[in-house]
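Step one of this worksheet: look at the structure below.
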Amino acid sequence: MSSSAVSDSRPLLSVRDLRTHFDVGGHAVKAVDGVSFDVYEGKTLGIVGESGCGKTVLSRSIMGITTASNASTSGSVNYAGTELVGKSKRALRAFWGEEMAMVFQDPMTSLNPVVRIGRQLTEHLRAHKKLSKSEANELAVQLLTWVRIPEPKERLSNFPHQMSGGMRQRVCIAIALACSPKLLFADEPTTALDVTVQHQILNLLAQQQQERQMGMVLVTHDLGVVATRTDDIAVMYAGKIVEKASTSALFSRMRHPYTQSLFWSIPKTSEPKHTRLSAIVGRPPNLAALPSGCSFADRCPYVQPICREVEPKLQTIDSHSFACHLPVGSTEAEAALSANISAGLPQSEGAAARREAQQGSLT
Amino acid sequence: GGDDDSAPADTPEETSEEAESPAEEPAEEPAVEAGDEAEGDVDTAIEEEESAVAYGGSISVGVEAEATGLRPWEDTCSSPCYNMMIAVFDKLVEMDVNGNYVPYLAESLTSNEDFTVWTMTLRSDVTFHNGVELSAQSISDMFPIQQAGAAGSSAIAAANLVSVEATGDLEVTYTLSEGGSAFPATLSRAPVGMVFEPAAAADSEGFSMAPVGTGPFVIDARDLDNETTFVRNDEYWGTDPDGNALPYLDSISFRPIPDEGTRLDALLSGTVNAMQTLRQGTIRDARNARDDDGADITLYEFQGNNVGGGMYNVLVPPFDDVRVRRALTHMNSQEQVIEALGGTGISLPGTQWFSPDSPWWSEKVAEAWPKFDFDGGVAILTEYVNDPERSDGKAVGEPIDVELSCPPDPTLIASMQVVEQLYTASGLVNVTMTNYDQQTHIGIALGGENGFVGNHQQHCWRWSSDDDPSVNLNPALAPPTAEIAEAIGLPGVVSPLNFSNWFSPTAFQAAVAATKTDDFATRYGLYESIMLEFADQVPVYYSGHTATAIGVESNILGLNSWHVPSGDLGIGFPNAEGRWAEVFIDS
Amino acid sequence: MGKVIATRLARLVATLLAVTFLTFSMTALLPGDPVNAILGVDAVRDPEVVAKIRADLGLDDPFLNRYVNWLGNAATGDLGQSYITDQEVMTTISQRLPVTAQLAFMAILMAVILAIPIGMLGAYKQGKWQDATTSAGVQVALSIPNFIIGIFLIWLFSVQLGWLPASNWNRITTDGLVENLKTAILPASALAMTQMAIFSRLVRSDMIATLQEDYILAARSKGLSDRFILLRHALRPSSLSLMTIIGINFGALLGGTVIIETLFAIPGVGFRLINAIYQRDIIVIQGITVFIATAYVVINTIVDLLYAVVDPRIRKG
Amino acid sequence: MAGSGTAHLRNGDDIVIRVEDLTVEFPAKGGNSVHAVSGISFDVRRGETLGLVGESGCGKSTTGRALLQLPAPTGGSVQLDGEELTHLSRSEMTARRTDIQMIFQDPISSLNPRRTIGKIVAEPLDVWGPTASDEQWVLVASILDAVGIDPESAKYKRPHEYSGGQCQRISIARALVMEPKVIICDEPVSALDVSVQAQILNMLEDLKAKYGLTLVFIAHDLAVVKNISDRVAVMYLGKMCEISDSDDLYATPAHPYTQLLMDSHPEPDPEAIIDETVVLGGEIPSPIFPPSGCRFRTRCEFADERCANEEPKMVKISDDHYVACHHPLTEVGK
Amino acid sequence: MASLWLVLVVFGAIYAKLDTSWFGGALPLQDPNFQTNGFIRETGEFGTGQPIEGMSGAHWLGTDAIARDTFARIVHGGWVSLVVVVVSATCGIVIGGFLGSLVGFVRGRTETVVMATVDVILAFPALVLLLALVSIFEVRNLFVISAVIGVLSIPAYTRVARANSLAVSSREFVTAARAIGTKPRRILFREVIPNVLPTLLAYTMVAAAFVVVVEGSLSFLGLSVQLPTPTWGNMINQARRDIKINVAQVIWPSLALTLTVLSLNQVGDFFQQRREVRGSNL
Ligand SMILES: Nc1ncnc2c1ncn2[C@@H]1O[C@H](COP(=O)(O)OP(=O)(O)OP(=O)(O)O)[C@@H](O)[C@H]1O
Ligand SMILES: Nc1ncnc2c1ncn2[C@@H]1O[C@H](COP(=O)(O)OP(=O)(O)OP(=O)(O)O)[C@@H](O)[C@H]1O
Ligand SMILES: [Mg+2]
Ligand SMILES: [Mg+2]
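Protein chains in written order, with this note's numbering: chain A, 103 to 465; chain B, 134 to 720; chain C, 374 to 690; chain D, 89 to 422; chain E, 575 to 856.
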């Protein structure tokens, strides 16, 4: 995976101002609220964010498989020149599986427990491509070989419960790859798996993606996962993208306080034991009643009055986008943080401790 | 559910045959096609068939229940069962249109002076279905089997029959321990009077499925609870008055259809060609179908002696006081009950054990019977209630308690609620209503353990049949308890069938006397006196005579015009029992 | 597998012992005397005659003796003879069980054939008018007593249209299948209505749960059509409770079609059972009860085994 | 490795928990049994935090529960303050439960949805003696306060009105209310969001200091375990592989399995090198039929015949660093 | 809609049963047992009512075979259904619910025995059991009938409760309760049963519908509540005889039954749905 974030070729997928709102008792739950990004062929976009920030809804809205009757989606999703938003279910079906595919979070539940692996692997192929049974079987064996499942022939007649979690997820990937889609959504594909298995699966995905030059959207809540396996990262908070940059740029310089806080709150093996973590205080806002201004304001160590009044726009500097009035690293931000620390703002405590520790280690 | 529609009713389902003693007085000439007379009650239409007879064809008959078995000596037989048995078996004695017992398989039947020895000569040309010839020996061989059978043993005991001997090739001698003039009635009823092939009867269960008799039809197939089919007996001895061999039909089948509505629907839809019913409601519906909807059916209705109603247990206070019984009877409107039963215009109110069509019917009794007279009843009851010596031991002025019980049949339930409201309206009666299923109901009335007294109070019941009056009446008048029997010097003559436990020496003696003579006038007088005593003492009450009917598709003829060997018309179709030998399909 | 069958058998035997004992006690508690049914009401009760009948039937033996005797005979396949008709209970059952079983089977089959699409439609269109309509229809069917349906069917198809016989039963053996079906279709339909209602409710709610599963969404994201998903992915996992209830209800129908059997005059088990109860024909009650209980247990065992066919997860254990 | 042995057990008065040769088996179909935990030993000092890591199904939770005798282990010994728990009768054990408490992985499922927070937290007090409810409440409130839940509003609220992190705080409060000596934390943060995870970890550290707690901390996330533990034990398929001071363990892992775990752990660092060869690391074998000898040998690149025949025992490789392996990485020179 | 009907039925039943003089007797409910063609003491004559009559101003839904007001009988009949439902649900929840919760919680031999018993009862032809139980009692008042139906509904409740109790018992808060040393009995009553109850209550709605029908069937066999108490079941049964003359008399009580069952099911569904949050994926 190269680290070049921008390619001048046309994007494979272009999402503009996508909004998916759910109507819950008259209130709009703004699960996805004005999201824009591009995905290029052969590149991986990581989407990171806390639980409930709208990652899943986002990827499903792009594909158009949101089914909730209370959902309404607007904006534009342009896939290789075709506008997907507003297309009928029937029309979309032609894209699903063949053009774009999805790998789900939980391999235990995303395979039908009562249908043999062989059939699940190829039923859509047979539907889309009118394959004969034996052709389909051959292909199924090949798919399992691709995802490195030993004894693929024998596995075809297995039921999901006869396989381990890692194998099942590989089967899911094989299913997704079956029609050679150009775009793959992987919605937290490894969250339910052990680290060692996660590692295998991520490797497998990366490999396949490279071989096939697929575009991939890798959704996760784990910064560790995206760090080494994506070309670009978009950080989501409360239904919006708050920061977006190439992976290397993002990790070298986090501009949004949320990204930074998230990064800081994760324990790292490189740090000594009992290292104090700087937790983000509070919890994500209720998507049905977002505060005015910046949604992160209540938890932000840098918060200033303006943050609560004006919603920050996503601004791009050197192809690094962020939506913040006081981007991290700016002098205003430093000043704001100092002020907040001295004011004893609880959400700044972590930052204060960290600053102290840093200073301590410097001296 | 179940065949409770029919079963829980009362006694007539269990045993009720047509019978009348050698009567002089002919029944009123049957006339009009039944149904829409001015007065509205059912009348019996027995007349010579006009159409030319035709051979061939099959019919199926919907009956209200399955015959528990086709063994005359063993199985208790109700109306549906009789329909089937009569197809296979011939009776020794039958009843003609005038209500006389006349020889049937017998050629003659005579008795000695005191009715203890009866000599019978059989027809000579008769063979059983299995080819065995009917002889006097057959009849005497039947006797041990009948003695061992549940139905036979009871009937033999009731008739005091002690021996049956073949005293010639075709001559049979019956000896009774105690003479009875109504003995021919016994020979007209299934347990003793129906002739079966004794050798075949050795295999009791097999016989029930494949009975062997001398009757007009031969058993073909018996599928219990579904269909029993009989085919023409080509060797049948009987002929019609013109000498044509009987029967006319090629085959006949009987299908038990317990649900009244379905049974009528089965006829209306052609699923069956004929059906029987013992319910006024169904007769009403069948009449409506015929008259209003133009259904192409003929209804043969019959108003029998059988009378519904109930009993008061006179051994239980307050029913031990005749005032209470009389009062309650006055307060009971039969018209109202009949309406509730769906029998308005179909059933007649009852005043005695005989219907107005019966030779035994007495105008005098009808006059004497306590009519509906609410205020009169209240007056009598008030007298009782205010009697400081009142038998139920309650305080003066307090209402009496009455437990009214019927089997849980919707029709009876309706009627008992009518009675309840009438009683309650007086303000002098607290009524509790109970329903027990048929067997429980019978068990309670019989009493069993406590010397057949029972602790019932007022129970639904049915009385009488078209048999000779002695058949039903005599057991009902016998001493109900050992003490009473002892007291009148007849130890051991205890009758469980005296359900109301009412005992009157005079009535009992009259009943006994009536079996010692065959003079109709004398017997009529005796039975009239008993009925008058009933009207005075009121051990039982009535809620209307039972109308029965057989409905057939209108091209089925001959049901109302079968003959006894003498060429006279037979009794017809009492209790919805058809004689099918002379039935034919008019083409 | 051998062990599984052995435990099953042991359970069957234990259940049957309990059921038979219970039946015996129940029938012993019922008021009323079989002798009355045998003799009829009007028969004069000669004490000797009564005593003889009681002795013949063993009615005077102690309760436990009777039970043990019966059990001993039953173990050898002899269920005794009816008090009333003297027919072998085995014969009684062997003539009637096929009838009731056919009715029950047809009713269940018709119900399932109707219920699955109805239930699926309801689940698929959950909350929409299609769902509301079918649900309401189903609940009406559920709450109309089935004899009312039966009466209506007779009125319509027999009396008005004259297409089908109003009652009784044509046996396949004697009348052939077509004639047999003519008599079976109406009562089976009447029975099927209630079952259909129960089944389709079940299918609907199970299907609703299944449709919430991730693998349904996964199947959709593969580009499969809704129809295909419903039939090939959702139906099987949604039919587990359906199978259970089919088992239970089939068992219940074998013993409980009394009302319909009576209405249509069908020579089935229930018809005989209710008559036996009314006549206090204890030996017949006992025999039929044992058969129904056996059928119930056997059918439900089969259902358990079928589970494994439908749900491979169970197969392994 | 994945072996047994007791070389790593320490002596001293301050040992609160001492587990020796703990074995837990569950009956499985066909007369087999699940060897969930097979002869592991460890001890915990007062005030120490022991981390337990390992892949899913390796027996971490089972170990934790066995400490509480829920259910009682199949074999081995569990000593709490020198008292053997496995021999206690049910009622005696019940009496000891005040000393050792547990926090569960799923915060939502471990709180009864139909009871109020006030009742849930006070429940141990109700069970443990008739304290006047006013007094009770004072204690409950102080502890709720300590875990960062507003006591007044919590009193009548029910679990569903709280987020996962808050529910976890509540279940911690429930454990604390009994003033236990030891708390077993069974993956208390695995179900929580990263941001909340940090809050809870920080809080546990604080509470530990405040109440002088001894913790057994179960997790599958290496970084989390390292952060909170003084000493870490690595488990594999019911056996213990390695136990060491946590800094030491991470600096110089000795067991190939520990190494595999570390290689697989995704560090949030784009520069980290990914070992792309770990595509086929093999699957964890069934605990019903565990491999002979070293249980890890089926996935181990160094496995040889000895590993199949001989079960490795715990050996000391440096100060407070023990490993059960025939070919520890420190020796192979990796 | 559904609950409106139920409220109407319940109100009607209670109103009819307890005090017809509420609202100054303004509600036009007649005496359900009064035969309008019956004998009137005061006048010494029979009433002018007609049996099996159609709808009219005097009798909104007509009259039955003995000229009683069908409307009044239907309203009063609701009382029986109400009591039967309440009593049988109580039996079911208290006994079946407890047993099921218990065995789902303690498992082991108790569970084997209880569930085997349940199986035996279910394997028993319900009709025989029903008939036998009903016949054993001397009196057949409303309570006895309800209790019999209640006893018969216990197995089903036991099954439902057990299935739920199994699930609840494996939840972690039960382990947590054990961990703090709570005694099993307390766990059962405080932790398990409260969580089994809601499902049981939802099931009650469905079972109630069934119970209403069972009472109808019992009436059909003439084995339900003692006369003259009206029940929908015995009304249908009685009117069946005259169905060829006046179908409506069968239809009205059937309709009441149908609507009630329908409503109960709907309310049951509503409760069930409230606990379901996820939507369909299709
Ligand atoms: N059908 C719906 N109706 C109402 N709200 C919904 C619906 N579907 C999702 N939401 C809400 O939308 C928000 C975003 O949900 P989403 O599943 O996309 O989060 P996520 O980022 O994928 O979280 P996780 O990491 O837990 O998977 C949540 O607050 C969720 O409650
Ligand atoms: N009650 C039980 N009956 C049978 N097997 C059990 C039981 N509890 C646990 N096991 C088995 O014991 C083994 C160890 O389980 P345990 O829950 O201790 O693993 P764990 O390390 O906590 O895993 P996880 O990280 O998934 O929580 C597993 O194979 C599990 O299937
Ligand atoms: Mg998600
Ligand atoms: Mg665990």
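The beta-carbon is built from N, C-alpha and C at its ideal position, and this holds for glycine as well.
Leaving out the 5 sequence neighbours to the left and right, which residues in its chain are closer than 6 Å to residue i when beta-carbon positions are compared?
i, result
"Q413(B)", "L474, G475, G476, I479, S480 and A680"
"D258(B)", "W370"
"P378(D)", "H123 and L325"
Just to make sure I have the definition right: I need the residues of chain E whose C-beta is within less than 8 Å of the C-beta of residue i. Which are they?
i, result
"S259(D)", "A750"
"T507(C)", "By Cβ distance, chain E contributes nothing, its closest Cβ being about 13 Å from T507(C), past 8 Å."
Pop quiz: residue i and residue j are said to be a contact at Cβ under 8 Å. What is the actual Cβ separation, rounded to whole angstroms?
i, j, result
"Q812(E)", "A663(E)", "About 27 Å separates the two Cβ atoms, so there is no contact after all."
"K105(D)", "L168(D)", "Rather than Lys, the amino acid found at residue 105(D) in this sequence is Ile. The Cβ separation is near 6 Å, so the contact holds."
"P538(C)", "T639(B)", "The pair is not a contact, with the Cβ atoms about 57 Å apart (cut-off 8 Å)."
"L155(D)", "V304(D)", "7 Å"
"R396(B)", "N541(C)", "About 10 Å; that fails the 8 Å criterion."
"P375(D)", "L325(D)", "6 Å"
"V137(A)", "I343(A)", "5 Å"
Can you name the residues of chain B whose CB is closer than 8 Å to the CB of residue i?
i, result
"F397(C)", "The contacting residues do not exist; F397(C) stays about 17 Å from chain B at best."
"D816(E)", "G414 and G475"
From the DSSP output, which residues share a beta bridge with residue i?
i, result
"E304(B)", "T254(B)"
"A130(A)", "D125(A)"
"L156(D)", "Paired residue(s): none; L156(D) is not in a bridge."
"T362(B)", "A354(B) and S386(B)"
"S578(C)", "Paired residue(s): none; S578(C) is not in a bridge."
Given residue i, which residues of its chain have a CB within under 7 Å of its CB, disregarding the five upstream and five downstream residues?
i, result
"N607(E)", "R642 and P802"
"D605(E)", "A646"
"D587(C)", "none"
"G674(E)", "Y731, T732, R733, V734, A735, R736 and S739"
Using a C-beta to C-beta distance shorter than 7 Å, which residues of chain C count as neighbours of residue i?
i, result
"D570(B)", "Y651"
At a CB-CB cut-off below 8 Å, which residues of chain C make contact with residue i?
i, result
"N855(E)", "L584, Q585, E586, D587, I589, L590 and R593"
At a CB-CB cut-off below 9 Å, which residues of chain C make contact with residue i?
i, result
"V273(A)", "Residues of chain C passing the Cβ test: none, with the nearest at roughly 11 Å."
To which residues of the same chain is residue i closer than 8 Å at the C-beta, ignoring the five residues directly before and after it?
i, result
"A116(D)", "V122 and I376"
Open item on the list: Under 5 Å, CB to any heavy atom of ligand 2. Which residues pass, going along the chain?
Closed with: F114(D), V122(D), A124(D), S144(D), G145(D), C146(D), G147(D), K148(D), S149(D), T150(D) and P375(D)
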